[in-house]
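In mature numbering (1 follows the signal peptide of the UniProt record, and there is no 0), the protein residues as written are -18 to -1, 1 to 385. Here is the structure we will look at, set down as structure tokens.
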């Protein structure tokens, strides 16, 4: 019977939850006290909820003026955040990139999380999507849900900043957490890092996660790409993901075989949503893609440091690539392929696609595109050594309107 129950959970898309035994659902947990922080009871004060308007739904939302911030949670003590839900009335790409969610643990001066709102909740390119995966959900494309557990030992502070020029008139939220009595010494602190490069450098891998120091676990990434129109309709995703672990220098310990391969797809990618991998946007007309992979079934641990990159590499038939190159598309040849399992490497050989010795029909090359990404990880300390969030001008440059 228990085996059947687990199978049903997996079929329903709840693989993570299936790891919790039936017994845990009905056992009393004497280590936990439940709290909700919402506009009706900021911070979840005991007996302090629903006081506005004599309990008749007096304050379900707050407003957020331009240049200001609002606290979703700001408490002292020890506990675990289990769920964050938010909805707002202005979900335009400009607003979604202007709003920043920040998280501070244990009274740290530097945030462990500082990420544009939609990007944090698993939606790249400043665009809403309808989806549900193991960490994030937006059931009808109008809300933001996160169920990543986030322990804290001395305190937790979560706030939303409005870096834009327009007021956000409605922000609704729930932060559901537990206060706990016992601290597990193996607990790690949750972190997230966002970055954008509007024109990646040829042959220089884009950093999904710069080198972070400490002991921890890499949870995964979501990424968005605005493909450079100079490359026409050629495929942009030949690039391989690389993860450098615990002192790796020139070469990584973990290396993939291509972008769509990394998310479990093949031969380019269209939209799909799975628990741990997916592609939320695949828009050939606007040359936009947004995808994710979360390392739950295949955990990535590190002891001293971790760095994660992805190559910007494209491919197409050699004649088409040569025509693009003649028309000014920036590229560096990397290899050609016969299509019969025979690859000829060209990178750093001085041989171009037009060389008379090159007869293979398919060409791979380094290219330059507009990439943005959010990396999620746990660390054994409440703050990290990573750069601060990039300014609003970079976050909102050349945003494309939502459909």
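Backbone N, C-alpha and C define an ideal beta-carbon position, used for all residues, glycine too. All values derive from a computational prediction rather than experimental measurement.
Within a Cβ cutoff of 6 Å, which residues of the same chain sit near residue 101, ignoring the five residues on either side of it in sequence?
Scanning its chain for C-beta atoms nearer than 6 Å, with the 5 sequence neighbours on each side dropped, one finds around residue 101 the residues 176 and 356, in chain order.
With DSSP collapsed to three states, give me the class of residue 113.
strand
Determine the burial state of residue 152: buried for a count of at least 16 other Cβ atoms within 10 Å of its Cβ, exposed for fewer.
exposed
Tell me whether residue 339 is buried or exposed, calling it buried when 16 or more other Cβ atoms sit within 10 Å of its Cβ.
exposed
Alpha carbon to alpha carbon, how far is residue 381 from residue 110?
Going by the C-alpha atoms only, they are around 13 Å apart.
In whole angstroms, what separates the C-alpha of residue 56 from that of residue 138?
6 Å
What residue from 156, 106 and 182 has the CA that sits closest to residue 296's CA?
182
Between the segment 286 to 303 and the segment 262 to 275, do at least 3 Cβ pairs fall closer than 8 Å?
no
Who are residue 63's beta bridge partners in DSSP?
132 and 159
Is residue 241 near residue 221, with beta carbons less than 8 Å apart?
Against a cut-off of 8 Å, the Cβ pair of residue 221 and residue 241 comes out as a contact.
Residues near residue 367 in its chain [Cβ-Cβ closer than 6 Å; skip 5 each side]:
Closer than 6 Å at the Cβ level, and outside the excluded window around residue 367, lie 195.
Give the straight-line distance between the Cα atoms of residue 243 and residue 42, rounded to the nearest whole angstrom.
44 Å
Buried or exposed by the 16-neighbour rule on C-beta atoms within 10 Å, applied to residue 205:
buried
Could you have a look at residue 242 and say whether DSSP puts it in helix, strand or coil?
Collapsing the DSSP output to three states places residue 242 in a helix.
Determine the extent of the beta strand (DSSP E) in which residue 122 is found, giving its start and end residues.
Premise fails: residue 122 is in no beta strand (DSSP E) and is neither H nor E.
How is residue 213 classed by DSSP in three states: helix, strand or coil?
helix
Who are the Cβ neighbours of residue 94 in its own chain at under 8 Å, not counting the five residues just before and after it?
85, 86, 87, 171, 172, 173, 174, 361, 364, 365 and 366
Rounding to the nearest angstrom, what Cα-Cα distance links residue 321 and residue 350 in this structure?
25 Å
As assigned by DSSP and simplified to three states, the class of residue 189:
Here residue 189 sits in strand by DSSP.
Residue interval of the beta strand (DSSP E) (run including residue 297):
295 to 299
What is the rounded straight-line gap between the Cα of residue 342 and the Cα of residue 235?
31 Å
So, does the segment 25 to 35 touch the segment 108 to 125, judging by three or more C-beta pairs under 8 Å?
no
Taking the alpha-carbon positions, what's the residue 210 to residue 265 distance?
13 Å
Can you tell me the Cα-Cα spacing of residue 268 and residue 8, whole angstroms?
Rounded to the nearest angstrom, the two C-alpha atoms are 50 Å apart.
Validate contact between the segment 250 to 257 and the segment 315 to 333 using beta carbons, cut 8 Å, 3 pairs
No: fewer than three Cβ pairs fall under 8 Å.
How long is the line joining the alpha carbons of residue -9 and residue 278, rounded to whole angstroms?
Low confidence applies to residue -9: its pLDDT is 35, below 50, so where it sits in the model is not reliable, and the reading given next is rough at best. So the two alpha carbons sit approximately 14 Å from each other.
Run through DSSP, which three-state label would residue 356 get?
In the structure shown, residue 356 sits in a strand (DSSP, three-state: E or B).
Return the Cβ separation of residue 18 and residue 158 in integer angstroms, given the expectation that the two are a contact with Cβ distance under 8 Å.
Rounded, the Cβ-Cβ distance is 5 Å, consistent with contact.
Evaluate residue 324 with the Cβ neighbour count: other Cβ atoms within 10 Å of its Cβ, from every protein chain shown; 16 or more gives buried, anything less gives exposed.
exposed
Would you identify the three-state DSSP class for residue 17, choosing helix, strand or coil?
strand
Would you decide whether residue 228 is buried or exposed? Buried here means 16 or more other CB atoms lie within 10 Å of its CB.
exposed
Given residue 383, which residues of its chain have a CB within under 6 Å of its CB, disregarding the five upstream and five downstream residues?
For residue 383, same chain residues with a beta-carbon under 6 Å away, outside a window of 5 residues either side, do not exist.
Quick one, which of 314, 54 and 80 has its alpha-carbon nearest residue 348's?
314
Please list the terminal residues of the continuous beta strand (DSSP E) segment that includes residue 291.
287 to 292
Would residue 134 pass as a contact of residue 67 if the rule is Cβ separation under 8 Å?
no
Taking the alpha-carbon positions, what's the residue 64 to residue 146 distance?
29 Å
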